[in-house]
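Just so you know, we're using the UniProt record's numbering here: the sequence shown kicks off at 8 and counts up by one.
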Amino acid sequence: NKGVILKRYVTGFPTEDDMEVVTSGFSLAVPPGNPTAVLVKNLYLSCDPYMRNRMSKHDDDSATYIEDFVPGEVLAGFAVSKVVASGNPDFKEGDLVWGLAGCEEYSLIAHPEYLFKISHPELPLSYYTGVLGMPGLTAYAGFLDVAKPKKGDYVFVSAASGAVGQLVGQLAKISGCYVVGSAGSDEKVNLLKNKFGFDDAFNYKKEHDLKAALKRCFPEGIDIYFESVGGAMLDAVLLNMRKHSRIAVSGLISQYNLEQPEGAPNLFCLVAKRIRMEGFIVGDYFGSYQKFEEEMVGYLKEGKITYVEDIVEGIDKVPEALIGLFSGRNVGKQLVAIARE
Ligand code: NDP
Numbered sequence: 008n009k010g011v012i013l014k015r016y017v018t019g020f021p022t023e024d025d026m027e028v029v030t031s032g033f034s035l036a037v038p039p040g041n042p043t044a045v046l047v048k049n050l051y052l053s054c055d056p057y058m059r060n061r062m063s064k065h066d067d068d069s070a071t072y073i074e075d076f077v078p079g080e081v082l083a084g085f086a087v088s089k090v091v092a093s094g095n096p097d098f099k100e101g102d103l104v105w106g107l108a109g110c111e112e113y114s115l116i117a118h119p120e121y122l123f124k125i126s127h128p129e130l131p132l133s134y135y136t137g138v139l140g141m142p143g144l145t146a147y148a149g150f151l152d153v154a155k156p157k158k159g160d161y162v163f164v165s166a167a168s169g170a171v172g173q174l175v176g177q178l179a180k181i182s183g184c185y186v187v188g189s190a191g192s193d194e195k196v197n198l199l200k201n202k203f204g205f206d207d208a209f210n211y212k213k214e215h216d217l218k219a220a221l222k223r224c225f226p227e228g229i230d231i232y233f234e235s236v237g238g239a240m241l242d243a244v245l246l247n248m249r250k251h252s253r254i255a256v257s258g259l260i261s262q263y264n265l266e267q268p269e270g271a272p273n274l275f276c277l278v279a280k281r282i283r284m285e286g287f288i289v290g291d292y293f294g295s296y297q298k299f300e301e302e303m304v305g306y307l308k309e310g311k312i313t314y315v316e317d318i319v320e321g322i323d324k325v326p327e328a329l330i331g332l333f334s335g336r337n338v339g340k341q342l343v344a345i346a347r348e
């Protein structure tokens, strides 16, 4: 069984050398005495920015919400998988599932609290790492429940072409909003405008003045900022927010590899403009998964939502794909195909 282990805790930018693909002996059966365990063959592994947080050692839990990975052990991550053996009455051999597994070819999941049956196998199974999985629920819950859009709102989305951002933009259009996205290449900007239906988009790497770029796109200001990036972008956004606007904080990817995170000098805008800024964690929304899935499957089947994935092949590619999230190498949802069935 090939799997990806963390070699050591990471400080600064992660490198491929922080991880190693190792092979271990494995039995294709659930060991006796495991009445809840499920053995799965992983078909697709998801690469997600939050995994970087788990690669660091946290001495207290003030800046994290999930356990650190353990050096020498296989990384955990979201996957789409097929059940090959089960001691658990809720799962049987052959079931297609998605949820938390390991970055490995086969995973023995002792307590499958975050393992769900796939109810729409007629759609691409890989979608359950993205639009129908954790990132999809993040976009849905963060935009609709936290940001609470109203028709006509001016919406700005950063990291807009990624797993979450491309969906936030499309949900904003469905909600009757005006939406602008930022991304880090012209190829991504083109996707935002011509595939995902954003009203406008810009390449933030080509703008020398982010405040002015936002002013150009939003002469009347921003009602909702769906925040994935932080740092200089957040600070420029604060200056462009309208009175009584909302910022839904999904993530701050520009800060994840910094040993000294940046501040936001313009934070006083929260007070001056009565802005509501609220963070959220998708894990708190798994109870709403079925409602989300039904709605999202409807949008996909009606062609109202489209989804772009960046799929690389083979478990050996996991380290490269994972660190690529932090240089913007991925175009769309990053995942790794491990097996076809
Ligand atoms: P993406 O698919 O968007 O991939 C990450 C992208 O972030 C890269 O492609 C890159 O795009 C951009 N990026 C990387 N480094 C920087 C930087 N220094 N400055 C600006 N942009 C950068 O990832 P996801 O859609 O999966 O995740 C997006 C955000 O949502 C992350 O912050 C993540 O942590 C957060 N998240 C939060 C969840 C929650 O429960 N709160 C759940 C899931 C995700 P580009 O080329 O445009 O720079």
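For each residue, glycine too, the CB sits at the ideal point set by N, CA and C.
All of these numbers come straight from a predicted model, not from anything done at the bench.
- Arg223: member of the alpha helix (DSSP H) spanning 217 to 224, first to last residue.
- Placement of the Cβ of Ser257 at a distance of less than 6 Å from at least one heavy atom of the ligand NDP is found.
- In terms of Cα proximity to Gly321, the closest of Ser53, Ser31, Leu35, Lys280 is Ser53.
- The Cβ atoms of Ala190 and Lys340 lie no closer than 7 Å to each other.
- In the three-state reduction of the DSSP assignment, Arg283 falls in the strand class, which pools E and B.
- Per DSSP, Ala239 lies in no beta strand (DSSP E); the unbroken alpha helix (DSSP H) holding it starts and ends at 238 to 247.
- In the DSSP assignment, Gln341 is bridged to Asp317.
- With 16 or more other Cβ atoms from the protein chains shown falling within 10 Å of its own Cβ, Gln173 counts as buried.
- Excluding five sequence positions before and after Asp242, the CB atoms of its chain that fall closer than 7 Å to its own CB belong to Ala271, Pro272, Asn273, given in chain order.
- Taken in chain order, the complete alpha helix (DSSP H) segments of 4 or more residues contained in the segment 161 to 230 are 172 to 181, 193 to 201, 217 to 224.
- Here DSSP, grouped into helix, strand and coil, assigns Thr136 to helix.
- In the DSSP assignment, Phe123 falls within the unbroken beta strand (DSSP E) covering 122 to 124.
- In this structure, the C-beta of Ile260 approaches the ligand NDP to less than 6 Å from one of its heavy atoms.
- Taking 7 Å as the cut-off, the beta carbon of Ser114 is found no closer than this to the beta carbon of Val29.
- Closest by C-alpha distance to Phe33, out of Tyr147, Glu112, Tyr161, is Glu112.
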